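Everything in the sequence shown is counted per UniProt numbering, starting at 1 for the first residue and increasing by one. Inspection log for the structure reproduced underneath, given as structure tokens.
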Amino acid sequence: MSKSDRIKSLEFYAYLCQKVGSEEIVKSRRLLYTIGDIAMDNNYPRISSGSKGEGLNFKGSDTDVMFIEPDFRVYESMSDVTDRWGVSLLMDTDETPPCFTYLNILPKYGVPFLFTEQLRGQKNGKMLLSSELFKIHRLRHLVLTKPMLNNIHGPCISDDLEQNDIAYCIKCEKWISQAQPWISRPRTEWPPPDLISQIISLGVLFVPIGCKGSVNENFEWRISFSVAEKMLIFSFCHTQLLCYALLKILLREVIEKFPGLKGLLCSYFLKTLMFWISEELDPSVWRPDNIIPCFIACLQKLLYCVEYSTLLHYFIPNNNLFYSRFDISDKRKLVGLLQNVYQKGIHCFSSSETLHDYPMSSCNMRRQLSLKTILAQETIHLFSFGRAKGNIYRLMNNLMHHSKSCTSRSIFNLFFADAHHFVPELPNMHCRPTNKQKYFKYKHYLSQLLIGVNSDAISGWLLLATFFYSHKHYTEALIITDHVFSKYTDKTFPVPVETSCNIVVFHELHDNVMELMKHEKTITIVKNLTNLDINLDSKSLAVLPELQQDAQDPFMVYNCKPMAHFIRFLSYYYRGNVDAYENAFMRLLREYIDNMNNKQTGSERMGKMFQLFYTMYFLGISAQMIGESELAKEIFRSIAICDVYNYTSAASRLSKLI
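Laid out in structure tokens, this is it:
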């Protein structure tokens, strides 16, 4: 390769590091999501997958989360089955395509839970767990707390835009026999033996989706190697990862924009392609000064696979992923497009949204977002998808023994503070505790909430105000809500962020915040740029007595600002300050009107809808307390009509007023 070609590759590599992410940023993203998985493991072990879990975040990057069912276990052989609690399932691959299996329920080894009665069917005298009924069952439960996740998309439960996917899966602790040949088949140097050993020690997963078109599709489960695939992606050098990212951008922003080609290829095919190429090539070719030839080699391999309709599953090659994938017309169009892309090389991205400004901007690249800004963006998005619900001891153990860098300690500390909002009941607290026990409990919970104020800019303080109000310390509650409202005028206040194409978008005001705080530690910046909602459930440390009947599992979500107005109203009401509580009521009403008049677009609309919903609910409770029964009835009636999932007790409150 000539010197000019190497320089061109190095320039393109630097450009991609800015657009897709540098090695440091990718490492930090992965760290954030890995720690998030540890923190958000609320009895269901969690695995972040998809682009974000792999360390990538650009237009089209999706958020895929897998939860491992703790009450089910899959075995390949009866000799592996242990007599244990829960539901034991036995693989049956005699009549299924490669990569798919039936799961036989074995009642002898743990009586199946009652709900499995609704999830099973019979075939040839065997009791099978239905993948389709399993998904429907999970959907019905998930939509109660995350109503935006209301569609079934493949093995996942997804939102309308298919940007957030949740898959509930079942684990087999052992590496299955179908994938045994993968362990020792001929390869160059990748993956190395130690990585292979680590992968096979983690077993495999089963996701609820059957082979399309199969007679018994609804009873088949797909064998998933998601954990292994994630580890393989993590082992990529940065040049490999950028080539993988280029293929994903090519798919989303070039191929799928071509009429009639959307859906023919998917990111899983590209991942499989990268695994095969990485196994075939010498690892030394994946260098920054060789990235363009590496990408061209990936294109050539993709074109070959499509032309010959052959892309073998990486772990189970008996499964040809391209078998009967394309009809003649679609294949002709796809091959033609890929040939054109191959001829253009990296200039094929001139029509893409992400990389359209290459090479013009490569010589005058804008300032790359700092690592701190990236972490703030990613943390805000991650917290919007789940919370560290009480896993204090697990977080502390990992913080003490596995956090070797400042970045990892900062992230752990953030989740550690958030976890202090959800602390289980103290042991040895009887129905009628003594005064000493009550005092100990009060001091213990107060200490937890004081740690929790470090979770973000607002919500931790508001939970502390709730705690003081609940114990009739109204003055302290009002002082804290004063502090909360002062944050709304502070230059470093976390103004609401937008999510565009599943990426948190910072605007000029956020940049100003970053400039003001550029010398602060990462955790301080992330905390001050993050404004979390309040999640309340039956285990929350601080719940307003007026909302106790609404605090249900898994949790309820409240926006901070209307909650702060509501706490002020309640505190003034019980202090008997009529003018003050009437003023607080009017401020709550003004908050509702202002939000009604604000036009929202995109993903903000759903969040604002719930904010309006609960602001209206707070108004109804307040109106009832001050004797405005007719207004309260009208408000509760309006809420009850819309509240089909009974998020609130509006219907119950209405019935008591009629």
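Beta carbons are placed, not taken as given, at the ideal position from N, Cα and C, and that holds for glycine. Being a predicted model, the structure only gives us computed values, none of them experimental.
Just curious, the beta strand (DSSP E) that residue i is in, first and last residue?
{"i": "K123", "result": "120 to 123"}
{"i": "H153", "result": "151 to 153"}
{"i": "N335", "result": "The sequence shown places Val at residue 335, not Asn. Run containing V335: none in the beta strand (DSSP E); it sits in the alpha helix (DSSP H), 328 to 344."}
{"i": "M91", "result": "87 to 92"}
{"i": "I534", "result": "534 to 536"}
{"i": "S48", "result": "46 to 49"}
{"i": "F72", "result": "72 to 75"}
Taking all protein chains shown into account, decide if residue i is buried (16 or more other Cβ within 10 angstroms of its Cβ) or exposed.
{"i": "Q180", "result": "exposed"}
{"i": "G620", "result": "buried"}
{"i": "N290", "result": "buried"}
{"i": "I639", "result": "buried"}
{"i": "L529", "result": "buried"}
{"i": "N124", "result": "exposed"}
{"i": "D5", "result": "exposed"}
{"i": "Y614", "result": "buried"}
{"i": "D327", "result": "exposed"}
{"i": "residue 661", "result": "Examination of residue 661 is not possible in this model, given that the chain is present from 1 through 658 alone."}
{"i": "Q377", "result": "buried"}
{"i": "Q300", "result": "exposed"}
{"i": "D456", "result": "buried"}
{"i": "R590", "result": "exposed"}
{"i": "L284", "result": "It should be pointed out that residue 284 corresponds to Ser in this sequence rather than to Leu. That one is exposed."}
{"i": "M616", "result": "buried"}
{"i": "D159", "result": "buried"}
{"i": "L544", "result": "buried"}
{"i": "residue 662", "result": "Missing from the structure shown is residue 662; the chain here goes from 1 to 658 and no further."}
{"i": "Y44", "result": "exposed"}
{"i": "V453", "result": "buried"}
{"i": "K656", "result": "exposed"}
{"i": "Q624", "result": "buried"}
For residue i, name the three-state secondary structure that DSSP assigns.
{"i": "I255", "result": "helix"}
{"i": "V484", "result": "helix"}
{"i": "V26", "result": "helix"}
{"i": "L382", "result": "helix"}
{"i": "T272", "result": "helix"}
{"i": "T63", "result": "strand"}
{"i": "V557", "result": "strand"}
{"i": "R222", "result": "strand"}
{"i": "V111", "result": "Reliability fails at V111, whose pLDDT of 48 lies under 50, so the model's placement of it is uncertain and the value that follows must be treated cautiously. Three-state result, V111: coil."}
{"i": "T96", "result": "coil"}
{"i": "N397", "result": "helix"}
{"i": "Y323", "result": "coil"}
{"i": "Y439", "result": "helix"}
{"i": "L619", "result": "helix"}
{"i": "L261", "result": "coil"}
{"i": "T82", "result": "coil"}
{"i": "N104", "result": "strand"}
{"i": "S540", "result": "strand"}
{"i": "I525", "result": "helix"}
{"i": "I68", "result": "strand"}
The alpha helix (DSSP H) that contains residue i, what's its start and end?
{"i": "I635", "result": "629 to 642"}
{"i": "C12", "result": "A quick correction: the sequence has Phe, not Cys, at residue 12. From DSSP, the alpha helix (DSSP H) with F12 extends over 3 to 19."}
{"i": "M596", "result": "578 to 597"}
{"i": "R568", "result": "560 to 575"}
{"i": "T466", "result": "459 to 470"}
{"i": "S410", "result": "406 to 419"}
{"i": "Y314", "result": "Per DSSP, Y314 belongs to no alpha helix (DSSP H) and is neither H nor E."}
{"i": "F295", "result": "291 to 307"}
{"i": "A653", "result": "A quick correction: the sequence has Arg, not Ala, at residue 653. It spans 650 to 657 - the alpha helix (DSSP H) in which R653 sits, taken as one unbroken run."}
For chain B, is any of its Cβ atoms less than 9 Å away from the one on residue i?
{"i": "G55", "result": "The chain labelled as chain B is not found in the depicted structure, where only one protein chain is given."}
Original post:
Is the segment 154 to 163 touching the segment 55 to 72, taking contact as three or more C-beta pairs under 8 Å?
Top reply: Enough Cβ pairs lie closer than 8 Å, so yes.
Original post:
Along the chain, which unbroken stretches of the beta strand (DSSP E) at least 3 residues long are found entirely within the segment 121 to 209?
Top reply: Here the runs fully enclosed are 126 to 129, 151 to 153, 156 to 158, 164 to 172, 204 to 207.
Original post:
Any contact of the segment 410 to 423 with the segment 454 to 464, i.e. 3+ C-beta pairs under 8 Å?
Top reply: Segments in contact, yes.
**OP:** Spell out a yes or no on whether the segment 176 to 196 and the segment 308 to 319 are touching, meaning 3 or more CB-CB pairs, one atom from each, closer than 8 Å.
**Re:** By the Cβ criterion, the segment 176 to 196 is in contact with the segment 308 to 319, since at least three pairs of Cβ atoms, one from each stretch, lie closer than 8 Å.
Subject >> Segment contact flag, the segment 124 to 142 with the segment 24 to 42, C-beta cutoff 8 Å, min 3 pairs >> reply: Inter-segment contact for the segment 124 to 142 and the segment 24 to 42 is absent: fewer than three beta-carbon pairs are separated by less than 8 Å.
Subject >> Stretch pair the segment 62 to 82 + the segment 237 to 246: three plus CB contacts closer than 8 Å >> reply: The segment 62 to 82 is not in contact with the segment 237 to 246.
**OP:** Inspect the CB distances between the segment 87 to 107 and the segment 184 to 192 and report whether three or more fall short of 8 Å.
**Re:** These segments do not touch.
Original post:
With a cut-off of 8 Å, do at least 3 Cβ pairs link the segment 226 to 234 to the segment 48 to 58?
Top reply: At 8 Å Cβ cutoff, the stretches touch.
Original post:
Do the segment 266 to 280 and the segment 302 to 317 meet, that is, are 3 or more Cβ pairs less than 8 Å apart?
Top reply: Taking a cut-off of 8 Å on C-beta distances, the segment 266 to 280 touches the segment 302 to 317, as three or more cross pairs fall below it.
**OP:** Flag this pair as touching only if the segment 252 to 259 and the segment 211 to 227 have three or more C-beta atom pairs under 8 Å; answer yes or no.
**Re:** No, because fewer than three Cβ pairs between the segment 252 to 259 and the segment 211 to 227 fall closer than 8 Å, the two stretches do not touch.
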